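Trainee: The following block contains the structure, expressed as structure tokens.
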Amino acid sequence: MHLRVHHLQRRGAYCRLITGSHNAVITWGRILRISLLPTALADICAGFALGALSNGELRIELLLFVSSACIYHGSMALNDWADREEDKAQRPDRPLARGLVQPNQVLSAAAALISLGVALAAILSIPLGAWMAGIASLAVGYNIWLRGRLSGPLSLGVCRGMHLAAPIMLVAPDTASDHAPLLIGYGLYVFTLSSLARIEAAPTAELKQTPRTLLFAIAAAFAVPLMWASAELDLIRRLFVTVLAAGGALTLVKTTRPPGPWTPDRVQRCVGVALRLLLVYTAAAALTGLSPYAWFAALLILAGYPLAHGLRKVFPPT
Numbered sequence: 017m018h019l020r021v022h023h024l025q026r027r028g029a030y031c032r033l034i035t036g037s038h039n040a041v042i043t044w045g046r047i048l049r050i051s052l053l054p055t056a057l058a059d060i061c062a063g064f065a066l067g068a069l070s071n072g073e074l075r076i077e078l079l080l081f082v083s084s085a086c087i088y089h090g091s092m093a094l095n096d097w098a099d100r101e102e103d104k105a106q107r108p109d110r111p112l113a114r115g116l117v118q119p120n121q122v123l124s125a126a127a128a129l130i131s132l133g134v135a136l137a138a139i140l141s142i143p144l145g146a147w148m149a150g151i152a153s154l155a156v157g158y159n160i161w162l163r164g165r166l167s168g169p170l171s172l173g174v175c176r177g178m179h180l181a182a183p184i185m186l187v188a189p190d191t192a193s194d195h196a197p198l199l200i201g202y203g204l205y206v207f208t209l210s211s212l213a214r215i216e217a218a219p220t221a222e223l224k225q226t227p228r229t230l231l232f233a234i235a236a237a238f239a240v241p242l243m244w245a246s247a248e249l250d251l252i253r254r255l256f257v258t259v260l261a262a263g264g265a266l267t268l269v270k271t272t273r274p275p276g277p278w279t280p281d282r283v284q285r286c287v288g289v290a291l292r293l294l295l296v297y298t299a300a301a302a303l304t305g306l307s308p309y310a311w312f313a314a315l316l317i318l319a320g321y322p323l324a325h326g327l328r329k330v331f332p333p334t
């Protein structure tokens with residue numbers, strides 16, 4: 017009898033250990049926003065496709081993917097730490113707001129990940145380390161003090177444009193200017209998207225027609241750079257890039273219909289649509305690369321959709 021009781025106690029303790037470990041994984045996965053991993057890796061994947069040399073030669077450094085993920089998710093953790101007081105009132109289900117983890121733990125994890133990401137980039141090359149340090153500085157700045165109406169979206173836009181350019185700066189820095197329209201366009205897309213996200217909690221009376229104007233700007237920032245970059249491609253790739261560019265822009269324009277009043281819920285849905293189109297932009301951008309790898313890169317990026325969907329179910333980002 018005593019042996020059976022002891023066995024049941026050990027079994028219960030084991031189950032509690034497993035449950036606790038599972039809950040910790042979920043908690044940290046939400047803090048790091050693991051569900052957004054596909055979009056972070058997509059930037060690097062597309063950047064390597066763009067960085068292919070004119071003879072089609074391709075160089076890929078897997079360490080840059082790890083560096084990127086560390087900086088990106090470290091910044092997500094820092095965002096949770098910076099917003100912890102606001103989240104208690106507006107997003108009480110967030111892990112920090114619920115007290116599932118201590119603020120100093122989150123801050124330490126964020127600092128460690130961001131520092132590791134920069135260090136890994138520096139291992140590949142000192143100039144790349146400096147480039148990624150610039151990205152990290154913008155991300156930290158946004159989370160800590162660059163929260164203004166213009167400075168916030170601008171820092172995010174520059175950060176994502178630089179992120180897409182990171183592989184180019186490693187493998188073919190002399191070609192960076194050739195991709196300027198795509199890189200600037202990506203930054204403008206994130207800038208206008210962030211501007212829309214800033215007003216998603218505003219009351220209907222204050223929104224007026226601002227969301228509609230921003231959505232048209234987002235659509236233009238999405239389509240125009242891709243169309244420009246596709247002008248010198250072969251017919252098949254130009255067709256695919258055009259379809260992706262036009263399809264994304266039309267999807268964004270469609271969100272402005274019907275012409276009814278703008279509500280916070282409606283704006284939030286539009287922000288969600290624009291966020292999901294980030295993968296479409298990077299897939300189309302990858303197709304403008306000179307290597308045969310461009311097709312594989314584009315397909316790999318688009319495969320991030322089901323992965324992101326699955327991760328959101330396990331690690332809800334909000």
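Numbering (our numbering), first residue to last: 17 to 334.
Yeah, the Cβ is synthetic: ideal placement off N, Cα and C, and Gly gets one too.
Since the structure is predicted, the reported quantities are computational estimates derived from the model, not experimental observations.
#1: Considering only residues of the stretch 157 to 230, which uninterrupted beta strand (DSSP E) runs meet the minimum length of 3 residues and lie entirely inside it, listed in chain order?
#2: Give me the Cα-Cα distance between F238 and G67, rounded to the nearest whole angstrom.
#3: Quick check on D59: does DSSP put it in helix, strand or coil?
#4: Identify the continuous alpha helix (DSSP H) that holds R253 and give its terminal residues.
#5: What residues in its chain sit with their C-beta under 7 Å from that of E216, if we drop five residues either side in the sequence?
#6: So for I76, helix, strand or coil by DSSP?
#7: If I'm right that A188 touches C175 with Cβ under 8 Å, what's the distance once you round it to whole angstroms?
#8: Give the straight-line distance between the Cα atoms of L33 and A128, rounded to the nearest whole angstrom.
#9: Would you report the Cα separation of P333 and P54, rounded to the nearest angstrom?
#10: Could you have a look at Q106 and say whether DSSP puts it in helix, strand or coil?
#11: A247 by DSSP, collapsed to three states: which one?
#12: Answer yes if the stretch 200 to 207 comes into contact with the stretch 77 to 84, meaning at least three C-beta pairs across the two stretches below 8 Å, and no otherwise.
#13: Do L180 and L140 count as a contact pair if the criterion is CB distance below 9 Å?
#14: In three-state DSSP terms, what is V21?
#15: Alpha carbon to alpha carbon, how far is S91 from L357? Give it in angstroms, no decimals.
#16: Starting from I317, trace the alpha helix (DSSP H) in both directions and tell me its first and last residue.
#17: Beta-carbon separation of W147 and A137 under 9 Å?
#18: Can you give the beta carbon distance from S84 to G145, rounded, assuming they're within the 8 Å contact cut?
#19: Assuming A126 and A93 form a contact by the criterion Cβ under 8 Å, report the distance between their Cβ atoms to the nearest whole angstrom.
#20: Would you identify the three-state DSSP class for L295, choosing helix, strand or coil?
#21: Using C-beta distances below 6 Å, list every residue in its chain close to G264, excluding the 5 sequence neighbours before and after it, in chain order.
#22: Could you tell me whether the Cβ atoms of I252 and Y205 are closer together than 9 Å?
#23: On the DSSP letters alone, give me the boundaries of the alpha helix (DSSP H) that V117 sits inside.
#24: Alpha carbons only, please: which of E248, S246, L212 and F331 is nearest the one belonging to V289?
#25: Leaving aside the five residues before and after D109 along the sequence, list all residues of the same chain whose C-beta is less than 6 Å from its C-beta, in chain order.
#26: Measuring CB to CB, does A65 end up less than 9 Å from A313?
#27: Tell me whether the beta-carbon of A221 lies closer than 9 Å to the beta-carbon of M243.
#28: Our contact map puts W278 next to L223 with C-beta atoms below 8 Å; I'd like the distance itself, whole angstroms only.
#29: Out of curiosity, what's the CA-to-CA distance linking P197 and P241?
#30: How would you label H325, buried or exposed, when you count the other beta carbons within 10 angstroms and need 16 or more for buried?
#31: Going by the beta-carbon positions, is the gap between F232 and L303 smaller than 9 Å?
Mentor: Concretely, from the data shown:
#1: At a cut-off of 3 residues, not a single continuous stretch assigned as beta strand (DSSP E) sits fully inside the stretch 157 to 230.
#2: Spanning the alpha carbons of F238 and G67 requires a straight line of approximately 21 Å.
#3: Note: D59 maps to helix in three-state DSSP.
#4: Run containing R253: L251 to K270, per the alpha helix (DSSP H) assignment.
#5: Around E216: P280, V283, Q284 and V287.
#6: Reduced to three states, the DSSP call for I76 is coil.
#7: That belief does not hold up - the Cβ atoms of A188 and C175 are roughly 21 Å apart, past 8 Å.
#8: With a pLDDT of 36 at L33, under the threshold of 50, the modelled position of this residue cannot be trusted; read the value that follows with caution. L33 and A128: Cα-Cα distance of roughly 26 Å.
#9: P333 and P54: Cα-Cα distance of roughly 13 Å.
#10: Reduced to three states, the DSSP call for Q106 is helix.
#11: If DSSP states are grouped into helix, strand and coil, A247 belongs with coil.
#12: Look at the beta carbons and you see the stretch 77 to 84 not touching the stretch 200 to 207: under three pairs across the two are nearer than 8 Å.
#13: Taking C-beta atoms as the reference points, L140 and L180 fail to come closer than 9 Å.
#14: Residue confidence is low: V21 scores 47 on pLDDT, short of 50, so the model does not pin down where it sits. Its coordinate-derived value is still stated next. Secondary structure at V21: helix, using DSSP grouped into helix, strand and coil.
#15: Since the displayed the chain opens at 17 and closes at 334, residue 357 lies outside it and no answer follows.
#16: I317 -> alpha helix (DSSP H) spans Y309 to L318.
#17: W147 is a Cβ neighbour of A137, given a cutoff of 9 Å.
#18: 13 Å between Cβ atoms; not a contact.
#19: Between A126 and A93, the beta carbon gap of about 4 Å places them in contact (Cβ cut-off 8 Å).
#20: DSSP places L295 in helix when its eight states are reduced to three.
#21: Its chain contains F238, L293 and V296 as the residues whose beta carbon lies nearer than 6 Å to that of G264, once the 5 sequence neighbours on both sides are disregarded; these appear in chain order.
#22: Cβ atoms of I252 and Y205: not closer than 9 Å.
#23: Neither: V117 is in no alpha helix (DSSP H) and is coded neither H nor E.
#24: That would be L212, whose Cα lies nearest to the Cα of V289.
#25: Closer than 6 Å at the Cβ level, and outside the excluded window around D109, lies no residue.
#26: Yes. Within cutoff.
#27: Taking the C-beta atoms as reference points, M243 is found no nearer than 9 Å to A221.
#28: Confirmed, Cβ separation roughly 4 Å.
#29: Each residue's alpha carbon lies about 6 Å from the other.
#30: Looking at its Cβ environment, which holds fewer than 16 other Cβ atoms inside 10 Å, H325 is exposed.
#31: No, they are not a contact pair.
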